[in-house]
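Note sheet for the following structure.
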Amino acid sequence: MIHELNNSDGWAVIMHNVACIVFYNSHQMLLIISFPTFQIPPLSSFRLLHLRRKNTLQMARSALDEMTNSGAFDRTPSTFRNFISKDPTSRFPAESGRYHLYISYACPWASRCLSYLKIKGLEKVISFTSVKPIWERTNENDEHMGWVFPASNDEEPGAEPDPLHGARSIRELYEIASTNYSGKYTVPVRFKTDFQVLWDKKLQTIVSNESAEIIRMFNTEFNKLAENASLDLYPTSLQGQIDEVNEWVYSGINNGVYKCGFARRQEPYEEATQKLYQALDECEDILGKQRYICGNSVTEADIRLFVTLIRFDEVYAVHFKCNKKLLREYPNVFNYTKDIFQIPGISSSVNMEHIKKHYYGSHPSINPFGIIPVVCMTETNKERACIHAAVPVTGMHKKQFSVIDL
Ligand SMILES: N[C@@H](CCC(=O)N[C@@H](CS)C(=O)NCC(=O)O)C(=O)O
């Protein structure tokens with residue numbers, strides 16, 4: 001009777017006195033609603049009515065659900081967009097000890113912020129905590145899956161309990177920051193507790209959950225307090241070029257891998273793959289001529305690109321089906337990734353154990369058994385090792401960093 005059921009379609013089936021509506025919800029669960037036929041116009045015994053599932057039934061409880069009807073991944077914008085300022089009279093002034101950065105080592109967007117915190121020398125000024133890598137239920141009263149804190153320091157190396165509120169989940173922090181946040185449970189549900197979160201301890205609220213803006217604040221606004229204040233990753237002379245590179249790197253690579261991995265139809269997957277490899281080819285070409293993506297000095301664009309490249313072969317190539325070509329088959333891009341990895345401070349922002357656990361363990365619709373590929377470890381560091389630490393840098397990217405900062 002029911003021939004084709006897929007994620008975006010539903011069917012109404014009318015048999016004798018009972019009508020059924022059958023559809024999959026956003027978690028791929030088959031839902032059947034039945035009701036007596038007196039509620040619908042009289043119809044012959046067996047009649048099949050094809051219903052296109054309406055947008056109002058779609059629920060975005062995590063990135064996995066941010067889908068268009070064509071099966072393409074469509075990221076929603078971040079919600080908290082305040083800016084910390086070096087101006088002491090502003091609402092969010094740059095002050096030592098006032099802000100806390102919640103991150104996941106697994107998340108590339110959060111890792112941008114952590115990288116900045118480390119390379120700008122802000123560790124004594126802004127504290128940070130990482131959650132556990134694998135999403136869990138955030139509240140026993142509903143099915144939302146998201147970022148949670150460990151109960152103790154020993155539960156998950158790298159992750160720590162919430163030092164400020166003893167919260168169990170990032171969701172709880174959102175609910176402390178905004179009482180309206182629960183409003184997003186209304187249909188269409190758009191409940192997503194985006195990472196990373198920059199928390200203001202004084203005003204007890206979230207300053208920002210948009211990594212692209214947090215890194216700009218870290219670059220300029222804390223310079224009176226930063227140990228590495230002279231490092232400017234967004235210099236005026238290169239801003240136009242950095243913005244331009246960021247745009248195609250974001251759409252083709254940073255967000256592009258997600259578009260490949262979360263696509264639910266072949267066509268959007270192939271479109272995203274084509275764009276991804278065009279962008280990687282472009283990087284390979286550029287990095288054959290110069291050391292960094294915007295010239296001869298490291299910039300914001302390098303950090304933004306790096307966080308995706310470091311996850312590429314170990315996660316995206318397998319889990320997100322980006323394996324037309326591996327990163328290690330691009331000699332310039334591969335050496336460049338190792339080069340950036342070896343900038344003091346960067347390697348400590350990479351925790352491959354958390355990265356693998358998160359992706360392979362948190363997306364059951366992509367990896368139903370949750371098997372996590374084994375991480376390549378070295379003797380020197382059991383947590384953070386990855387192929388980029390083990391393979392020497394060659395070519396022009398060899399220049400400076402001979403000691404690996406593990
Ligand atoms: N535009 C955001 C994106 C952040 C984002 O999507 N983070 C993911 C983790 S990698 C997240 O927290 N997802 C939670 C969810 O899907 O519920 C940023 O760059 O800050």
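Start counting the sequence shown at 1; every next residue gets the next number (full-length UniProt numbering). Every residue, glycine too, gets a C-beta built ideally from N, C-alpha and C.
Can you tell me the Cβ-Cβ gap for residue i and residue j, rounded? I've got them flagged as a contact below 8 Å.
{"i": "Y105", "j": "S111", "result": "7 Å"}
{"i": "Q196", "j": "I214", "result": "7 Å"}
{"i": "A226", "j": "G121", "result": "5 Å"}
{"i": "L198", "j": "I119", "result": "With a Cβ gap of about 17 Å, L198 and I119 do not count as contacting."}
{"i": "residue 413", "j": "G252", "result": "Here the chain covers residues 1 to 406 and nothing more, so residue 413 does not appear."}
{"i": "T299", "j": "Y234", "result": "7 Å"}
{"i": "K275", "j": "G295", "result": "That belief does not hold up - the Cβ atoms of K275 and G295 are roughly 24 Å apart, past 8 Å."}
From the options, pick the residue whose C-alpha is nearest to that of residue i; which is it?
{"i": "C376", "options": "D313, N335, P88", "result": "D313"}
{"i": "K86", "options": "P161, H100, F222", "result": "F222"}
{"i": "I134", "options": "I303, F369, N367, G361", "result": "G361"}
{"i": "I366", "options": "V315, R328, S349, S127", "result": "V315"}
{"i": "S152", "options": "T89, G166, C283, E140", "result": "G166"}
{"i": "K356", "options": "P163, C107, N296, P331", "result": "C107"}
{"i": "L203", "options": "A177, M217, K224, R216", "result": "A177"}
{"i": "E353", "options": "L117, E156, N139, N82", "result": "E156"}
{"i": "P93", "options": "V207, D74, Q241, E282", "result": "V207"}
{"i": "D74", "options": "V307, C260, N141", "result": "C260"}
{"i": "L164", "options": "S297, E140, S127, K289", "result": "S127"}
{"i": "R81", "options": "A212, N139, Y250", "result": "A212"}
{"i": "K224", "options": "P368, N246, P88, T79", "result": "P88"}
{"i": "Q241", "options": "L114, Y292, A272, P268", "result": "Y292"}
{"i": "W248", "options": "T236, R304, E267", "result": "R304"}
{"i": "I84", "options": "S347, T205, P331", "result": "T205"}
{"i": "K321", "options": "I310, F262, S297", "result": "F262"}
What does the alpha-carbon distance come out to for the pair residue i and residue j?
{"i": "V189", "j": "N69", "result": "Annotation note: pLDDT 33 at V189 (below 50); position unreliable, no value reported."}
{"i": "S169", "j": "R137", "result": "9 Å"}
{"i": "S277", "j": "K324", "result": "In the sequence on display, residue 277 carries Tyr and not Ser. Between Y277 and K324, the C-alpha separation is close to 8 Å."}
{"i": "Y174", "j": "W147", "result": "12 Å"}
{"i": "D200", "j": "H100", "result": "7 Å"}
{"i": "H319", "j": "T129", "result": "26 Å"}
{"i": "F341", "j": "D302", "result": "11 Å"}
{"i": "E329", "j": "E210", "result": "32 Å"}
{"i": "S96", "j": "T220", "result": "14 Å"}
{"i": "E264", "j": "R91", "result": "The displayed chain sequence assigns Arg, not Glu, to residue 264. Cα to Cα, R264 sits roughly 43 Å from R91."}
{"i": "P373", "j": "V350", "result": "17 Å"}
{"i": "K132", "j": "H363", "result": "15 Å"}
{"i": "D142", "j": "K124", "result": "38 Å"}
{"i": "E244", "j": "D154", "result": "44 Å"}
{"i": "E282", "j": "E160", "result": "39 Å"}
{"i": "E66", "j": "M217", "result": "28 Å"}
{"i": "residue 483", "j": "E270", "result": "In this structure the chain extends from 1 to 406, so residue 483 is not present and cannot be described."}
{"i": "F149", "j": "G288", "result": "42 Å"}
{"i": "Y250", "j": "Y258", "result": "11 Å"}
{"i": "N335", "j": "G158", "result": "27 Å"}
{"i": "T179", "j": "I343", "result": "41 Å"}
{"i": "D285", "j": "K338", "result": "17 Å"}
{"i": "C359", "j": "F369", "result": "Checking the displayed sequence, the identity of residue 359 turns out to be Tyr instead of Cys. Approximately 12 Å, taken between the alpha carbons."}
{"i": "T273", "j": "R98", "result": "42 Å"}
{"i": "E140", "j": "T236", "result": "49 Å"}
{"i": "E172", "j": "Q266", "result": "37 Å"}
{"i": "D162", "j": "Q290", "result": "42 Å"}
{"i": "L326", "j": "S347", "result": "21 Å"}
{"i": "M145", "j": "C113", "result": "23 Å"}
{"i": "N254", "j": "A317", "result": "13 Å"}
{"i": "N332", "j": "R311", "result": "17 Å"}
{"i": "S297", "j": "N246", "result": "16 Å"}
{"i": "W109", "j": "T79", "result": "15 Å"}
{"i": "L371", "j": "Y116", "result": "Just to set this straight, residue 371 is Ile in the shown sequence, not Leu. Going from the Cα of I371 to the Cα of Y116 covers about 32 Å."}
{"i": "Y306", "j": "P268", "result": "A small fix is needed here, since residue 306 is Phe in this sequence, not Tyr. Rounded to whole angstroms, F306 to P268 spans 25 Å at the Cα level."}
- Query: Counting only runs that start and end within the segment 151-186, where is the alpha helix (DSSP H) found for 4 or more residues in a row?
  - Reply: 170-177
- What are the uninterrupted segments assigned as alpha helix (DSSP H) that are 4 or more residues long and contained completely in the segment 231-299, given in chain order? Runs of the alpha helix (DSSP H) spanning 4 or more residues and lying entirely within the segment 231-299 occur at 239-249, 256-262, 266-287, in chain order.
- Item | Contained alpha helix (DSSP H) runs [length at least 4] in the segment 313-361, N- to C-terminal order | 331-341
- Item | Length-filtered (4 minimum) alpha helix (DSSP H) runs lying within the segment 195-237 | 211-220
- Item | Uninterrupted beta strand (DSSP E) stretches inside the segment 72-142 (no shorter than 3 residues) | Considered as a whole, the segment 72-142 harbours 99-103, 127-130 as its complete beta strand (DSSP E) runs of no fewer than 3 residues, in chain order.
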